[in-house]
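Residue numbers (this note's numbering): 5 to 201. Note that the Cβ used here is the ideal one computed from N, Cα and C, for glycine as well. Step one of this worksheet: look at the structure below.
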Amino acid sequence: MNKLILVMAVFLFLSQLSVAQEIVQVPIDIKESEVKWKGTKMRGLGKHEGIISIKSGHFETKDGEFYGGKIVFDMNSISVTDIPKREPIPRRRLNNHLKSDDFFGVEKYPEAEFLILKVLKKEKQNITVEGELSIRDVKDRITVYLEIRRDNSEIRSISSKLEFDRFNWNIGYKGSWADRTLVDKEIEITLLLHANN
Numbered sequence: 005m006n007k008l009i010l011v012m013a014v015f016l017f018l019s020q021l022s023v024a025q026e027i028v029q030v031p032i033d034i035k036e037s038e039v040k041w042k043g044t045k046m047r048g049l050g051k052h053e054g055i056i057s058i059k060s061g062h063f064e065t066k067d068g069e070f071y072g073g074k075i076v077f078d079m080n081s082i083s084v085t086d087i088p089k090r091e092p093i094p095r096r097r098l099n100n101h102l103k104s105d106d107f108f109g110v111e112k113y114p115e116a117e118f119l120i121l122k123v124l125k126k127e128k129q130n131i132t133v134e135g136e137l138s139i140r141d142v143k144d145r146i147t148v149y150l151e152i153r154r155d156n157s158e159i160r161s162i163s164s165k166l167e168f169d170r171f172n173w174n175i176g177y178k179g180s181w182a183d184r185t186l187v188d189k190e191i192e193i194t195l196l197l198h199a200n201n
């Protein structure tokens, strides 16, 4: 009887261990990965572009297939790249404006986050996921398309381009049509995430 109980206990332990090992967490190489943003104004007649650093992140695989993930963005790092450094005053002015309460309010909200909730569709290396985007403590769901690149069956990088309506996250600055500073509602984010494996 005691032997039977011992065998069952070992079997249960190994079963739980097997389940725990099904989901593998792969860290994102935050130095090699890139996050670019683009915002337009005057209904697309003008634009600004820039970068954001990744504070931390990982993606998950299950039985070798993409399963989920999470990215934390360092909003204090947001900066513009399409104003050259030889123009320090307008460059600094826009960087400060992006960090102000008009836009991302980084002093109060230093991080943003994207959490993948579930995989909706798989087509070869293209995957559709539903995720939760958190900015300024506002959370809302968006659908994102990912392109997976592999090397010897291991996921090496993930790329994606997503667009969202900033008003849904209380990024409410509008600008002025008269001053030709009217800011469009869409923000575009381009991701290139490299696995640190």
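- Residue state for Arg-140 is assigned as coil, using DSSP reduced to three classes.
- Lys-165 carries a strand assignment under DSSP once its states are collapsed to helix, strand and coil.
- Scanning Arg-140, Gly-72, Pro-114 for the CA closest to the CA of Glu-26 turns up Gly-72.
- Beyond the five residues adjoining it in sequence on each side, Ile-87 comes within less than 7 Å, by CB distance, of Pro-94, Arg-95, Leu-98 in the same chain, given in chain order.
- Here the segment 123-135 does not lie against the segment 48-65, with fewer than 3 beta-carbon pairs under 8 Å apart.
- For Phe-63, the secondary structure class from DSSP, reduced to helix, strand or coil, is strand.
- Taken atom to atom, the span from the alpha-carbon of Lys-178 to that of Lys-40 is near 22 Å.
- Only residues of its own chain outside the window of five on either side were considered, and among them Val-30, Gly-73 have a CB closer than 6 Å to the CB of Phe-63, listed in chain order.
- Relative to Glu-117, the option among Lys-35, Glu-190, Leu-186, Lys-59 whose CA is nearest is Lys-59.
- In this structure, Phe-108 and Ile-193 do not form a Cβ contact; the two beta carbons are roughly 13 Å apart against a cut-off of 8 Å.
- In the structure shown, Leu-186 falls within a coil segment according to DSSP collapsed to helix, strand and coil.
- By the 16-neighbour rule on beta-carbons within 10 angstroms, Arg-170 is buried.
- Put simply, of Asp-67, Val-76, Lys-103 the residue whose alpha carbon is nearest the alpha carbon of Ile-82 is Lys-103.
- For Ile-93, the secondary structure class from DSSP, reduced to helix, strand or coil, is helix.
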